[in-house]
Amino acid sequence: MFEERENAFEAKYAHDQELRFKLIAKRNKQLGLWAADILGKEGDAVDAYVLEVIKSDFEETGDDDVMRKVAGDLTGTDVSEHDVREKMDALLGEVMETEG
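Just so we're aligned, residue 231 is where the sequence shown starts under this note's numbering, counting upward by one.
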């Protein structure tokens, strides 16, 4: 009985982690599209940039790596680090509403 319960908790944890990973990846894709538009990227350059943003999330745990990437790329625009953080939070909320 205890082992079944433990297995159920482990399965739920694994499912929750997988769902979170997918939601974050979708958020990062949307963030990349937003930043690419600000940067004036078009066509294949948009897809390439979005992929760079998604890959940047694998550098370290948490959102700081993505934040650094996008905020750094937007240096010289009128978008601040605070704006990027707010956009990240808003996009995650949107993705969680539609997907989560």
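Even for Gly, the Cβ is constructed at its ideal location relative to N, Cα and C.
Candidates the options, of which the one nearest residue i by Cα
i: T213; options: F239, K242, I254; result: The displayed coordinates of the chain run from 231 to 330. Any statement about residue 213 would go beyond what the structure contains.
i: V296; options: E236, A244, H245, M318; result: M318
i: K285; options: M231, A301, V309, K259; result: K259
i: L306; options: I268, Y243, F232, L261; result: A small fix is needed here, since residue 306 is Gly in this sequence, not Leu. Closest option to G306, Cα to Cα, is I268.
i: E327; options: D274, H312, L249, D294; result: L249
i: D287; options: D274, F251, E316, N237; result: F251
i: E329; options: E311, E316, D246, H312; result: D246
Alpha helix (DSSP H) segment containing residue i, residue limits
i: V309; result: From DSSP, V309 is part of no alpha helix (DSSP H); its letter is neither H nor E.
i: E240; result: 232–269
i: L331; result: The question about residue 331 has no answer, for the chain in this structure spans 231 to 330.
i: G302; result: 294–303
Residue i vs residue j beta-carbon contact at 8 Å
i: D303; j: A265; result: yes
i: V283; j: L261; result: yes
i: V300; j: V314; result: yes
Close beta carbons around residue i, own chain, < 8 Å, minus the five adjacent residues each side
i: L322; result: L253, I254, R257
i: F239; result: none
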